[in-house]
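Student: The sequence shown maps to residues 185 to 546 in our numbering.
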Amino acid sequence: MHISTETGLLDRIQQNLTDYLVFHRAETRSLDPAFATAVEHLVQFVLNGGKRLRPTFAWWGWRAAGGPDNTAQAGAALRAASALELLHAAMLVHDDIIDNTDTRRGHPTIHHTFTTLHHNRTWNGNAVQFGTSAATLLGDLALVWADDMLHSSGLDPHAVARALRPWQAMRTEVLAGQYLDILSPARGDHTSPTAVRIAELKSASYTVQRPLEIGAEIAGADQWTLEILRRFGSRIGIAFQLRDDVLGVFGDPAITGKPAGEDLREGKRTLLIADAFSRTRDQHDHEAIDLLQHLLGNPELDDTHVDQARETLNRLGALDAVERQITELTTTAIATLHESGLPEPANTQLTKLADAATNRDH
185 MHISTETGLL DRIQQNLTDY LVFHRAETRS LDPAFATAVE HLVQFVLNGG
235 KRLRPTFAWW GWRAAGGPDN TAQAGAALRA ASALELLHAA MLVHDDIIDN
285 TDTRRGHPTI HHTFTTLHHN RTWNGNAVQF GTSAATLLGD LALVWADDML
335 HSSGLDPHAV ARALRPWQAM RTEVLAGQYL DILSPARGDH TSPTAVRIAE
385 LKSASYTVQR PLEIGAEIAG ADQWTLEILR RFGSRIGIAF QLRDDVLGVF
435 GDPAITGKPA GEDLREGKRT LLIADAFSRT RDQHDHEAID LLQHLLGNPE
485 LDDTHVDQAR ETLNRLGALD AVERQITELT TTAIATLHES GLPEPANTQL
535 TKLADAATNR DH
């Protein structure tokens, strides 16, 4: 089966992750059975969910730069790309701790799982602190394993060295984005430039742009190809985050796996919220300002409050404005791709990925 068939690609990514995690899970048993039991929660979290967008973008970056499809070299490239899913798992585990989120993909988050375990076993100490500590360590482990998987992928040393340039930049960028994401509500910063910068660092870079670069660098891409992929990736990455922002307020919990209005409870200063505050000031809508300030960051929000926020965001025109921006970013990115003349099937597949990343319900 050719890797680049849609089903074949996802199956190979899943198999790469399974092979790596099964091997290292066995290693943890030799260290301590209790540790192995804890690690099993991380293994299941990685294997039982996710859209695999990051390794998929990396694969098509490889193909766009002329990387072959069905060779030993291609297999090594895809194993390296699959390591992005472990990095993603690390970021999600830590993000859930920071946001104090109880559910992810419709299941309890890892820190919540360990808090419940501590409580049910009536162990000594603080259950919440134990859950946070255990999840922090497992997130760290996923980050370590991501690096290990990249280096043990079978790529030649020169390809690894090229991949490390965007890989290392990506890790620092996403942590910078995470920090700005917690700094913004602490400062009461509702401005659009801050929200855009957070989207660029926290999501656009590590979801789309850097994975594309990693795949292309492994293939030995020239600077022209890298620049096309960067321009495409940065726009689709921001549009991806804007879609996440919309779903964080307007998403269906049965589909997203998260409670309705979770971003409101967490007080996230997204571009959707920043645009709404800008419009309240422009329209001198003091009632809307008071309502949004009251609801944003309130952990006790119920469905009625969420509905009030949704109605206000709609009435102000903030939702329509963000939807227009998603459309404009996606359209411009795809036009850049089509004008570039990148080889097929990479051009077509990246177009499909752009649509899947920005036009989704979860």
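Quick reminder that beta carbons are idealized off the backbone N, C-alpha and C, glycines included. No experiment lies behind these values; they were computed from the predicted model shown.
Count the other CB atoms, across all protein chains shown, that sit within 10 Å of the CB of F207; report buried if there are 16 or more and exposed otherwise.
Tutor: By the 10 Å Cβ count, F207 comes out exposed.
Student: Express the C-alpha separation of R247 and L348 in angstroms, rounding to a whole number.
Tutor: 18 Å
Student: Can you list the alpha helix (DSSP H) stretches of 4 or more residues lying completely in the region 483-531, in chain order?
Tutor: Qualifying alpha helix (DSSP H) stretches, in chain order: 487-500 and 502-524.
Student: Are the region 389-398 and the region 414-425 touching by the rule of at least three beta carbon pairs closer than 8 Å?
Tutor: Below 8 Å, enough C-beta pairs join the region 389-398 and the region 414-425 to call them touching: three or more.
Student: Specify the secondary structure class of P292 as computed by DSSP and reduced to three states.
Tutor: Assigned with DSSP and collapsed to three states, P292 falls in strand.
Student: To the nearest whole angstrom, what separates the beta carbons of L456 and V430, a pair I think is in contact under 8 Å?
Tutor: 6 Å
Student: I believe L534 touches F416 by the beta-carbon criterion, under 8 Å. Please report the beta-carbon distance rounded to the nearest angstrom.
Tutor: 7 Å
Student: Straight-line CA distance for D504 to A517?
Tutor: 20 Å
Student: Going by DSSP, what residue range makes up the alpha helix (DSSP H) through E384?
Tutor: Segment: none, E384 is in no alpha helix (DSSP H) and carries neither H nor E.
Student: Suppose the cutoff is 7 Å on Cβ atoms and the five residues either side in sequence are ignored; what does the same chain contact list for M185 look like?
Tutor: In this prediction, M185 scores a pLDDT of 41, lower than 50, which makes its location untrustworthy; no coordinate-derived value is stated.
Student: Between which two residues does the alpha helix (DSSP H) harbouring G417 extend?
Tutor: Q407 to F434
Student: So what does DSSP say about T454, is it helix, strand or coil?
Tutor: coil
Student: Check this for me: beta carbons of L194 and R236, under 8 Å apart or not?
Tutor: Result yes, Cβ atoms of L194 and R236 sit closer than 8 Å.
Student: Would you say D286 and P292 are within 8 Å of each other, going by their C-beta atoms?
Tutor: The Cβ atoms of D286 and P292 sit closer than 8 Å to each other.
Student: Straight-line CA distance for L201 to L231?
Tutor: If I take the Cα positions, the gap works out to 7 Å.
Student: With a 10 Å radius around its C-beta and 16 neighbouring C-beta atoms as the bar for buried, classify S214 as buried or exposed.
Tutor: exposed
Student: Would DSSP call T287 helix, strand or coil?
Tutor: strand
Student: Could you check what DSSP says for N304 in three-state terms: helix, strand or coil?
Tutor: helix
Student: Here's a check: name, in chain order, each residue in its chain whose Cβ is nearer than 8 Å to the Cβ of R209, leaving out the five neighbours to either side.
Tutor: A220, V223, E224 and V227
Student: To the nearest angstrom, report how far apart F572 and S317 are at their CA atoms.
Tutor: Absent from the structure is residue 572, since the part of the chain shown begins at 185 and ends at 546.
Student: For L500, which of I510, A472 and H295 has the nearest alpha-carbon?
Tutor: A472
Student: For P350, collect the residues of the same chain with a Cβ closer than 7 Å to its Cβ; drop the 5 residues on either side in sequence, then sort them by chain order.
Tutor: R394, E397, I398 and E401
Student: Output needed for G259: all residues of its chain with C-beta closer than 6 Å, excluding positions within five of it in sequence on either side, in chain order.
Tutor: none
Student: Between V506 and L385, is the Cβ-Cβ spacing less than 8 Å?
Tutor: no
Student: Quick check on the DSSP output: what are the complete beta strand (DSSP E) runs of length 3 or more inside the region 188-256, in order along the chain?
Tutor: Counting whole runs of 3 or more residues, the region 188-256 contains no beta strand (DSSP E) stretch at all.
Student: Mind checking which residues open and close the alpha helix (DSSP H) that includes R544?
Tutor: Per DSSP, R544 belongs to no alpha helix (DSSP H) and is neither H nor E.
Student: Measuring CA to CA, which of E450, N254, A242 and A353 is closest to L268?
Tutor: Comparing Cα positions, the closest option is A242.
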